[in-house]
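Asks:
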Amino acid sequence: MNIVSRIPADDRDALVMATVYEEPRKIPFWEQALLSIWFLNAFVPLPMETPLRYLIVLWFVAQLFLYKDEIIPVMLKAWPLFPIQLFGLMSVAWSPFTGDALRTALLFLLTPIVALITIARFDISTILRCMFFAGVAALVVCAPYYDTMHAGGPYPQKNYFAQQMLLVALLSLTTLLNDKSWPWTRMLAAVAFPVALLFMLRAPSATALVFAAIGIAGLMGVKFLWVSISRIRHLRSLLVLTAFSAILLGAMFVLNQTHQSYLQDFLAALGKDSTFTGRTAIWAAGEVAAAEHPWIGHGHSGFWHISNGAAQSINETDFKPYGTQLTFHNAYLEVRVHLGFIGLALYLLMWAWCGYRLLLQFFQQTSLEMSAWLVFGGIVFVSTFTESTAWSSFNTALNLLYIGAAATLSPVHRKRVGEMPVFITGNRSAA
């Protein structure tokens with residue numbers, strides 16, 4: 001426990017009321033190492049990836065039973081994360097591929113559970129540090145693939161590789177700018193940041209490039225502007241309203257210029273076409289699949305399966321080998337196809353809760369850490385329109401989203417116990 005008291009200005013003895021704080025538990029290095037390995041497992045493909053993942057999940061499940069008094073209250077407060085997962089578990093009953101559906105549903109359910117166990121057992125600074133270490137290790141794993149990074153390196157596709165390197169870069173920048181970080185980790189981050197950006201640029205992903213610019217600008221703005229103006233009353237509110245008004249005016253101007261092709265020009269500048277690299281054709285096929293079972297969907301694993309002729313037709317038109325596990329490159333369409341409109345409503349509930357929590361934490365606590373969680377959550381949200389990463393299990397994007405949204409629910413922090421009388425002697429020693 002720490003005791004903070006107000007000492008008299010002179011040398012006379014005095015009895016003062018001191019505030020008593022309870023310091024959080026010290027997290028052993030072996031637990032931090034295991035958590036870093038868990039994040040690394042989500043960052044990059046590893047040898048024995050699946051067995052290693054299941055072993056660490058068992059460790060998390062053991063934590064749930066051993067420390068249920070700490071973990072269950074956190075899970076109850078984060079209940080909006082679970083309705084979509086439970087409905088997905090119910091979909092095993094109508095999925096045409098029951099075995100695969102059950103496995104997928106359990107993995108989807110375990111993903112937020114593991115994230116909330118992490119929140120209940122580790123403080124936010126430690127979680128960010130372990131994620132950063134995992135990102136640095138991912139750079140080491142990816143380095144030998146330098147010549148093939150344009151094709152995805154160790155990943156199945158270049159877009160996913162670029163997104164992972166983007167997250168490593170932003171985690172490194174967060175560590176570098178964070179005054180609470182250990183000095184040697186900030187030095188390591190100063191090296192990892194440009195390396196991660198270089199690896200990201202090796203994969204020609206315009207989406208990752210835009211996210212990198214926005215993420216870096218956001219973190220730098222919070223560090224050098226947002227924290228400073230928080231000292232001036234109402235200035236932050238004025239800045240937010242001004243930015244919101246500017247966005248509305250810009251949107252009105254663009255929408256009124258019906259003879260212009262701003263979207264096509266923007267996509268062309270990024271090296272994209274109006275089909276979003278063939279995504280529109282896949283989206284059209286997804287709409288057809290969703291219309292077959294509009295309310296409850298095909299069930300988990302009910303569409304993307306080697307035995308589903310419609311899925312293999314998409315593989316053929318997309319020039320992918322037979323049996324390739326594709327996605328619709330849109331998280332909301334993915335939910336509609338597999339869980340219908342009911343699942344989509346529950347998925348939007350999850351996103352509404354996450355967005356509310358991220359914004360609330362950002363405005364309540366003016367810190368780089370809370371700002372980083374908001375930036376990561378924003379990147380994951382925007383990616384839902386062109387990628388299906390946020391409708392998956394055990395990946396870095398979902399770890400950042402779930403942990404970030406529940407960040408302030410962590411019980412691992414300095415707690416105010418109360419006040420107690422403390423006798424201060426003239427020589428400044430406490431009795």
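If you count the sequence shown from 1, position 263 lands on 263 in full-length UniProt numbering, and the numbers rise without skipping.
Just so you know, even glycine gets a beta-carbon here, dropped at the ideal spot from N, CA and C.
Keep in mind it's a predicted model, so treat the numbers as computed, not measured.
Buried or exposed, going by whether 16 or more other CB atoms sit within 10 Å of the CB of residue 87?
Replies: Locating residue 87 in the sequence shown gives position 87, counting from the first residue. Result: buried.
Asks: Indicate whether residue 393 and residue 334 have their beta-carbon atoms separated by less than 8 Å.
Replies: For this step, residue 393 is matched to residue 393 along the sequence shown. For this step, residue 334 is matched to residue 334 along the sequence shown. No, the pair does not count as a contact, with Cβ atoms beyond the cut-off.
Asks: Am I right that residue 132 and residue 175 are in contact with their C-beta atoms under 8 Å? What's the rounded C-beta distance?
Replies: Stepping through the sequence shown from its first residue, residue 132 is reached at position 132. Stepping through the sequence shown from its first residue, residue 175 is reached at position 175. Contact flag correct, Cβ pair sits at about 5 Å.
Asks: For residue 391, count the other beta carbons within 10 Å of its own beta carbon; 16 or more makes it buried, fewer makes it exposed. Which is it?
Replies: Taking the first residue of the sequence shown as position 1, residue 391 is located at position 391. By the neighbour-count rule (16 or more Cβ atoms within 10 Å), residue 391 is buried.
Asks: Count the other CB atoms, across all protein chains shown, that sit within 10 Å of the CB of residue 54; report buried if there are 16 or more and exposed otherwise.
Replies: Looking up residue 54 in the sequence shown gives position 54. Answer is exposed; the Cβ neighbour count stays below 16.
Asks: Any chance you could list the alpha helix (DSSP H) runs of at least 4 consecutive residues sitting entirely within the segment 52-105, in chain order?
Replies: 68-77, 83-90
Asks: Taking only runs that begin and end inside the segment 131-219, name each unbroken beta strand (DSSP E) of 3 or more residues, in chain order.
Replies: none
Asks: Looking at the structure shown, is residue 411 part of a helix, part of a strand, or coil, going by DSSP?
Replies: Sequence index remark: in the sequence shown, residue 411 carries index 411 (1-based). Coil, per DSSP.
Asks: State the CB to CB distance for the pair residue 142 and residue 36, rounded to an integer number of angstroms; the pair is presumed to be in contact (CB under 8 Å).
Replies: If you number the sequence shown from 1, residue 142 lands on position 142. If you number the sequence shown from 1, residue 36 lands on position 36. That pair is no contact at about 16 Å.
Asks: Are residue 396 and residue 161 close, meaning C-beta to C-beta below 8 Å?
Replies: Position 396 of the sequence shown, counted from the first residue, corresponds to residue 396. Position 161 of the sequence shown, counted from the first residue, corresponds to residue 161. In this structure, residue 161 does not lie closer than 8 Å to residue 396 by Cβ.
Asks: Going by alpha carbons, who is nearest to residue 359 out of 343, 201, 378?
Replies: On the sequence shown, residue 359 is found 359 positions in, with the first residue counted as 1. The shortest C-alpha separation from residue 359 is found at 378.
Asks: Take residue 349 and list the residues in its own chain whose beta-carbon comes closer than 8 Å to its own, dropping the five residues that flank it on each side.
Replies: Position 349 of the sequence shown holds residue 349. So the list reads 80, 83, 84, once near-sequence residues are dropped.
Asks: When you compare only the Cα positions, how much space is there between residue 173 and residue 216?
Replies: The count along the sequence shown starts at 1 and reaches residue 173 at position 173. The count along the sequence shown starts at 1 and reaches residue 216 at position 216. Rounded to the nearest angstrom, the two C-alpha atoms are 8 Å apart.
Asks: In terms of alpha-carbon separation, which member of 404, 74, 197, 398 lies closest to residue 209?
Replies: For the purposes of this step, residue 209 is taken as the residue at position 209 of the sequence shown. The shortest Cα separation from residue 209 among 404, 74, 197, 398 belongs to 197.
Asks: Within a Cβ cutoff of 7 Å, which residues of the same chain sit near residue 32, ignoring the five residues on either side of it in sequence?
Replies: Here residue 32 corresponds to residue number 32 of the sequence shown, with the count starting at 1. So the qualifying residues of the chain are 126, 130.
Asks: So what does DSSP say about residue 31, is it helix, strand or coil?
Replies: Working through the sequence shown from its first residue, we reach residue 31 at position 31. In this structure, residue 31 counts as helix in the three-state DSSP scheme.
Asks: Should residue 290 go down as buried or exposed, given a rule of 16 or more other Cβ atoms within 10 Å for buried?
Replies: Position 290 of the sequence shown, counting from 1, holds the residue named residue 290. Classification for residue 290: buried.
Asks: Have a look at 339, 347, 376 and flag the residue whose alpha-carbon is nearest the alpha-carbon of residue 93.
Replies: Sequence index remark: in the sequence shown, residue 93 carries index 93 (1-based). Looking at the Cα atoms, 339 is the closest of the given residues.
Asks: For residue 325, collect the residues of the same chain with a Cβ closer than 7 Å to its Cβ; drop the 5 residues on either side in sequence, then sort them by chain order.
Replies: On the sequence shown, position 325 is the one that residue 325 refers to. These residues qualify, in order along the chain: 304.
Asks: How far does the alpha helix (DSSP H) with residue 447 in it reach, from first residue to last?
Replies: The structure shown does not extend to residue 447, since the chain spans only 1 to 431, so no value can be given for it.
Asks: Does the separation of the CB atoms of residue 168 and residue 218 fall below 8 Å?
Replies: Here residue 168 refers to the residue found at position 168 of the sequence shown. Here residue 218 refers to the residue found at position 218 of the sequence shown. Cβ distance not < 8 Å, so residue 168 and residue 218 don't count as in contact.
Asks: With DSSP as the reference, label residue 296 as helix, strand or coil.
Replies: Start at 1 with the first residue of the sequence shown, and residue 296 comes out as number 296. If DSSP states are grouped into helix, strand and coil, residue 296 belongs with coil.
Asks: My assumption, with CB atoms under 8 Å, is that residue 61 sits in contact with residue 116. Please give the rounded CB distance.
Replies: Residue numbering aside, residue 61 sits at position 61 when the sequence shown is read from its first letter. Residue numbering aside, residue 116 sits at position 116 when the sequence shown is read from its first letter. Going by Cβ atoms, the distance from residue 61 to residue 116 rounds to 12 Å, so no, they are not a contact pair.
Asks: Can you tell me whether residue 402 is buried or exposed? The criterion is at least 16 other CB atoms within 10 Å of its CB, across all chains shown.
Replies: Counted from its first residue, the sequence shown places residue 402 at position 402. Under this definition residue 402 is a buried residue.
Asks: Anyone know if the C-beta pair for residue 164 and residue 137 falls short of 8 Å?
Replies: What you label residue 164 is simply residue 164 of the sequence shown in a count that begins at 1. What you label residue 137 is simply residue 137 of the sequence shown in a count that begins at 1. For residue 164 and residue 137, no; Cβs fall outside 8 Å.
Asks: Starting from residue 375 and walking both ways along the alpha helix (DSSP H), at which residues does that stretch end?
Replies: By one-based count along the sequence shown, residue 375 stands at place 375. Residue 375 -> alpha helix (DSSP H) spans 368-383.
Asks: Is DSSP giving residue 111 helix, strand or coil here?
Replies: As a position in the sequence shown, residue 111 is number 111, starting the count at 1. Helix, per DSSP.
Asks: Using a Cβ-Cβ cutoff of less than 7 Å, which residues in the same chain neighbour residue 293 once the five nearest sequence positions on both sides are dropped?
Replies: Residue 293 sits at position 293 when you count from the first residue of the sequence shown. 340, listed in sequence order.
Asks: Assign residue 187 to buried or exposed, taking buried as 16 or more other Cβ atoms, counted over all protein chains shown, within 10 Å of its Cβ.
Replies: Within the sequence shown, numbered from 1, the residue matching residue 187 stands at position 187. Residue 187 comes out exposed.
Asks: How big is the Cα-Cα spacing for residue 51 and residue 114?
Replies: Residue 51 sits at position 51 when you count from the first residue of the sequence shown. Residue 114 sits at position 114 when you count from the first residue of the sequence shown. When the Cα atoms are used, residue 51 and residue 114 turn out to be separated by approximately 16 Å.
Asks: Please report the distance separating the alpha-carbon of residue 368 from that of residue 343.
Replies: Position 368 of the sequence shown, counted from the start, is the residue given in the question as residue 368. Position 343 of the sequence shown, counted from the start, is the residue given in the question as residue 343. Between residue 368 and residue 343, the C-alpha separation is close to 34 Å.
Asks: Considering only C-alpha positions, which residue in the set 332, 356, 357 is nearest to residue 346?
Replies: Position 346 of the sequence shown, counting from 1, holds the residue named residue 346. Comparing Cα positions, the closest option is 332.
Asks: Hey, how far is the Cα of residue 411 from the Cα of residue 30?
Replies: Locating residue 411 in the sequence shown gives position 411, where the first residue counts as 1. Locating residue 30 in the sequence shown gives position 30, where the first residue counts as 1. Using only the alpha carbons, I get a separation of about 20 Å.
Asks: What does the alpha-carbon distance come out to for the pair residue 328 and residue 386?
Replies: Taking the sequence shown and counting its residues from 1, one reaches residue 328 at position 328. Taking the sequence shown and counting its residues from 1, one reaches residue 386 at position 386. The straight-line gap from Cα to Cα measures roughly 8 Å.
Asks: What do you get for residue 7, buried or exposed, if any count of 16 or more other CB atoms within 10 angstroms of its CB means buried?
Replies: The sequence position of residue 7 within the sequence shown is 7, counting from 1. With a pLDDT of 49 at residue 7, under the threshold of 50, the predicted position of this residue should be treated as unreliable, though the coordinate-derived value follows. The residue is exposed, with fewer than 16 neighbouring Cβ atoms inside 10 Å.
Asks: Indicate the three-state DSSP secondary structure (helix, strand or coil) for residue 117 in the structure shown.
Replies: As a position in the sequence shown, residue 117 is number 117, starting the count at 1. Three-state result, residue 117: helix.
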